[in-house]
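If you're matching positions, the sequence shown starts at 59 in my numbering and goes up one per residue.
Just so it is clear, CB atoms sit at the ideal spot from N, CA and C, and this is done for glycine as well.
In this text the structure is predicted, and so the values were computed from the model without any measurement.
Notes follow once the structure below has been shown.
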Amino acid sequence: MISLVYLSYMDKKKYLILFVYQLIIISVLIIMCNENDNQIEMMLNSSYYRHYYEQLFIQIFTILNVMFVLFLSIDHDQLFFKPLYCYFFREKVILSKYLFHMFWIILCGLNTYMLMTVIFWLLIPFDIKFNLIMLIDLSLDMFIVLNLILILIKSKFKTLSVVIVLVYILSSLFIPKELSTLYYIFPIFNMDKSINILELIYKICYIYLGFLIYYLKSMTEDV
């Protein structure tokens, strides 16, 4: 079923966009790595530059991945999915669509991380280690954004999904951590806020709740 969703969704245009997306990632990373001082200066001030590139990684990883989620899910309500409901159980189609999106989001996150690791290793004269908890937290954010787009956006209003992505980027990168009460409503990553395991568990429950809402909404809507 997932392979059928894949064949229905992916076409040459989307593959071309994915190729351009890869080129953008590589170009941005190389430009960022080459905009600073020479390698001797970077080695003498390794602590400063290590922190700089860690923060740079967070910003690039966040923006690129959430833009990919937008590209992936903006067409989730197109008419070409509707005939599948007639030939298969609706719940099977809904679950397959969600798993399809999850697979591509995980694949994109791993690809972005791999490219960053390789390019940083080639162009930066010291090691940069990224916190695993932070990477998990950022990756979970992508599923929160996915749920919001799947629940709130219909095909005739799909451009509004850009608003969701912009709100996420502004909230995660620019809103100060003092507004902590917003976390319980919209539990997304914040650059100024530390991360703990309980918050990750809360975020996983939040994602599961979002999936249930999307599932019930899709099961009851008219085809």
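Neighbourhood of residue i by C-beta distance below 7 Å, restricted to the same chain and skipping five residues each side
| i | result |
| --- | --- |
| Val203 | Val124, Val127, Ile222, Val223 and Tyr226 |
| Ile9 | Any question about residue 9 goes unanswered here, given that the chain covers just 59 to 281. |
| Asn205 | Ile265, Gly268, Phe269 and Tyr272 |
| Ile253 | Ile191, Met192 and Asp195 |
Through-space distance from residue j to residue i, alpha-carbon basis
| i | j | result |
| --- | --- | --- |
| Tyr272 | Leu130 | 16 Å |
| Ile121 | Tyr79 | 12 Å |
| Phe201 | Leu180 | 31 Å |
| Lys275 | Tyr264 | 17 Å |
| Tyr110 | Ile191 | 19 Å |
| Phe188 | Ile255 | 17 Å |
| Met101 | Lys212 | 51 Å |
| Gln113 | Glu99 | 19 Å |
| Ser229 | Glu257 | 17 Å |
| Ile164 | Met90 | 24 Å |
| Ile259 | Leu198 | 10 Å |
| Phe215 | Lys155 | 20 Å |
| Leu74 | Leu81 | 11 Å |
| Thr217 | His159 | 19 Å |
| Ser219 | Pro183 | 40 Å |
| Lys70 | Ile209 | 27 Å |
8 Å CB neighbourhood of residue i in its chain, flanking five on each side removed
| i | result |
| --- | --- |
| Met277 | Arg148, Glu149 and Ile152 |
| Leu240 | Ser229 and Ile233 |
| Ile262 | Leu198 |
| Leu87 | Ile118, Leu173, Met174, Ile177 and Phe178 |
Residue from the options with nearest C-alpha to residue i
| i | options | result |
| --- | --- | --- |
| Phe119 | Leu196, Leu208 and Ile253 | Leu196 |
| Ile194 | Val176, Ile246 and Leu114 | Ile246 |
| Ile116 | Glu257, Ile259, Lys251 and Phe244 | Lys251 |
| Lys72 | Tyr241, Ser105 and Asp133 | Asp133 |
| Ile309 | Glu279, Asn92, Phe232 and Lys70 | Outside the modelled stretch of the chain, which goes from 59 to 281, sits residue 309, for which no answer is possible. |
| Ile186 | Leu76, Lys70, Trp162 and Ser105 | Ser105 |
8 Å Cβ cutoff, residue i in contact with chain C
| i | result |
| --- | --- |
| Tyr242 | In summary, chain C is missing from the structure at hand, where a single protein chain is found. |
Cβ neighbours of residue i in the same chain (closer than 6 Å, five flanking residues each side left out)
| i | result |
| --- | --- |
| Asp103 | Going by the sequence as given, residue 103 is Asn instead of Asp. For Asn103, where only same-chain residues beyond five positions count, there are no Cβ hits under 6 Å. |
Checklist entry - Along the chain, which unbroken stretches of the alpha helix (DSSP H) at least 4 residues long are found entirely within the segment 189–252? => result 190–210, 219–231 and 240–243
Checklist entry - Quick one: complete beta strand (DSSP E) runs, 3+ long, within the segment 69–136? => result none
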